[in-house]
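Numbering (my numbering), first residue to last: 16 to 217.
C-beta: ideal position from N, C-alpha, C; glycine also.
In what follows, a structure is listed as structure tokens, so that the remarks can point back to it.
Written as structure tokens, this is what we have:
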């Protein structure tokens, strides 16, 4: 992970972070730590991973393997992601709403989806929020595509082996996906700047 942040700082690459879940076999009844794998989001036994990519969707790292019950924000603390942002203030990243805490701690480095306006907000505020959310989503969608490439491999959709070997399998597949992505020609960047078409008064 240190290499990814060092590369991003040296090459001025804006990172994209996203978490993914893989369904795994349910631990035996009575086994210690059994509940640690139950995902609060999917209500299944899962293992979570975190993927880093650049703005072209090329994978830089996929790992940070953890039980499905652990929240993305907890992994940020326990796996040293927040520490890397602290040591390298020049590195920036686009994240989803699961990393709101990271964006709050590093507002000049990490961009997360904006919070929705209140129900009684004027139409202008709601329109500005939708546009800001759209631009932020467009900026980070490439890492979603990277995770989709990983899920093309059956073991990363539903892992039927021993949970202890999942990390090795994930890393091996991630290396293959990364090598294939590195051979793709770079795509032109899409302009996501907001163009004011009409004025909306509050």
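Measure the alpha-carbon distance for residue i versus residue j and round it to whole angstroms.
{"i": "residue 16", "j": "residue 175", "result": "28 Å"}
{"i": "residue 200", "j": "residue 73", "result": "10 Å"}
{"i": "residue 124", "j": "residue 151", "result": "14 Å"}
{"i": "residue 161", "j": "residue 132", "result": "31 Å"}
{"i": "residue 29", "j": "residue 90", "result": "20 Å"}
{"i": "residue 78", "j": "residue 182", "result": "7 Å"}
{"i": "residue 95", "j": "residue 62", "result": "19 Å"}
{"i": "residue 145", "j": "residue 178", "result": "40 Å"}
{"i": "residue 193", "j": "residue 168", "result": "13 Å"}
{"i": "residue 56", "j": "residue 80", "result": "17 Å"}
{"i": "residue 119", "j": "residue 107", "result": "13 Å"}
{"i": "residue 93", "j": "residue 116", "result": "14 Å"}
{"i": "residue 170", "j": "residue 187", "result": "11 Å"}
Find the nearest neighbour of residue i within the set the options, judged by alpha-carbon distance.
{"i": "residue 143", "options": "154, 128, 155", "result": "128"}
{"i": "residue 21", "options": "134, 115, 101", "result": "101"}
{"i": "residue 25", "options": "105, 87, 64", "result": "105"}
{"i": "residue 39", "options": "194, 180, 197", "result": "180"}
{"i": "residue 189", "options": "136, 198, 166", "result": "166"}
{"i": "residue 121", "options": "44, 52, 81, 99", "result": "99"}
Would you decide whether residue i is buried or exposed? Buried here means 16 or more other CB atoms lie within 10 Å of its CB.
{"i": "residue 185", "result": "buried"}
{"i": "residue 23", "result": "buried"}
{"i": "residue 60", "result": "buried"}
{"i": "residue 87", "result": "buried"}
{"i": "residue 191", "result": "exposed"}
{"i": "residue 44", "result": "exposed"}
For residue i, which residues from the same chain have a beta carbon less than 6 Å from its beta carbon, with the 5 sequence-adjacent residues on both sides left out?
{"i": "residue 76", "result": "19, 67"}
{"i": "residue 109", "result": "31, 126, 154, 155"}
{"i": "residue 35", "result": "64, 162"}
{"i": "residue 164", "result": "192"}
{"i": "residue 97", "result": "91"}
Less than 8 Å between the CB atoms is what I'm expecting for residue i and residue j, so what's the real figure, rounded?
{"i": "residue 83", "j": "residue 54", "result": "4 Å"}
{"i": "residue 37", "j": "residue 149", "result": "With a Cβ gap of about 29 Å, residue 37 and residue 149 do not count as contacting."}
Sorted by chain position, which residues of the same chain lie with C-beta nearer than 7 Å to residue i's C-beta, five sequence neighbours on each side aside?
{"i": "residue 157", "result": "31, 68, 70, 71, 72"}
{"i": "residue 50", "result": "84"}
{"i": "residue 197", "result": "73"}
Tell me which residues share the same chain as residue i and place their Cβ nearer than 8 Å to its Cβ, disregarding the 5 neighbours each side in the sequence.
{"i": "residue 114", "result": "32, 87, 88, 91, 125, 127"}
{"i": "residue 141", "result": "132"}
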